[in-house]
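Visitor: Structure provided below as structure tokens; questions to follow.
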Amino acid sequence: MSSNQNLFHPPDFDSILQRIQNLNADAERKWGTMNVHQMVVHCSDPIREVLGIRPTRNLSNLLLRTVGKWMALYGPEWQKGKFPTSPDYDQLKKGTPPTTFESDREQLQRLLEKVRELPLNHPMPPHPAFGKMSRKEWGRLGYRHLDHHLRQFNR
């Protein structure tokens with residue numbers, strides 16, 4: 008995987024969108040505890056934050072804003088099932104509750120389209136753990152997060 012893949016790069020965006028479209032409700036996970044439906048909504052929540060339609064909490068500290076951020080953006084492939092999901096992004100806890108698989112998958116695609124349409128000068132919100140992030144960093148993190156979970160379900 009290239010360290011340059013980014014949701015704001017059209018071929019990367021299109022690839023992610025196609026992989027989401029190819030998900031089906033009975034896809035089996037390779038690791039972790041979320042089912043595919045929970046994963047779709049889990050992946051939507053950070054995008055809602057970028058768009059300003061979901062509030063965030065500041066969970067950052069110096070280590071997360073420096074080493075953690077660099078590892079998340081540019082480090083090796085994310086470990087499978089090694090880091091538990093924060094309750095804020097867990098659909099069985101404080102995350103957005105799932106509705107139906109089809110509608111939530113379509114919602115994820117619509118949210119991604121809205122992110123793609125953001126003007127270049129759109130102010131990006133701080134990340135809850137990593138603090139201030141540029142558009143390029145948000146696009147990179149979004150790509151890595153989606154790629155990680157799509158691989159979790161063989162997509």
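Under the numbering used here, the first residue of the sequence shown is numbered 8, with each subsequent residue one higher. Note that CB positions come from ideal geometry on N, CA and C, so glycine has one too.
Can you tell me whether W145 is buried or exposed? The criterion is at least 16 other CB atoms within 10 Å of its CB, across all chains shown.
Guide: Taking the first residue of the sequence shown as 1, we reach residue 145 at position 138. W145 comes out buried.
Visitor: My assumption, with CB atoms under 8 Å, is that R151 sits in contact with W85. Please give the rounded CB distance.
Guide: Walking along the sequence shown from the start, residue 151 turns up at place 144. Walking along the sequence shown from the start, residue 85 turns up at place 78. Contact flag correct, Cβ pair sits at about 7 Å.
Visitor: Just verifying my parser: in three-state terms, what is the DSSP assignment at H129?
Guide: On the sequence shown, position 122 is the one that residue 129 refers to. H129: coil per DSSP, three-state reduction.
Visitor: To the nearest angstrom, how far is it from the Cα of L69 to the Cα of A136?
Guide: Within the sequence shown, numbered from 1, the residue matching residue 69 stands at position 62. Within the sequence shown, numbered from 1, the residue matching residue 136 stands at position 129. Distance between the alpha carbons of L69 and A136: 10 Å.
Visitor: For F15, which residues of its own chain have a beta-carbon under 6 Å away from its beta-carbon, when the five flanking residues on both sides are left out?
Guide: As a first step, residue 15 is located in the sequence shown; it is residue number 8 there, counting from the start. So the list reads G146, once near-sequence residues are dropped.
Visitor: Rounding to the nearest angstrom, what Cα-Cα distance links N183 and H134 in this structure?
Guide: Absent from the model: residue 183. The displayed extent of the chain is 8 to 162, so no value can be given.
Visitor: Tell me whether G138 sits in a helix, a strand or coil according to DSSP, three-state version.
Guide: Here residue 138 refers to the residue found at position 131 when the sequence shown is read from its first residue. Three-state result, G138: strand.
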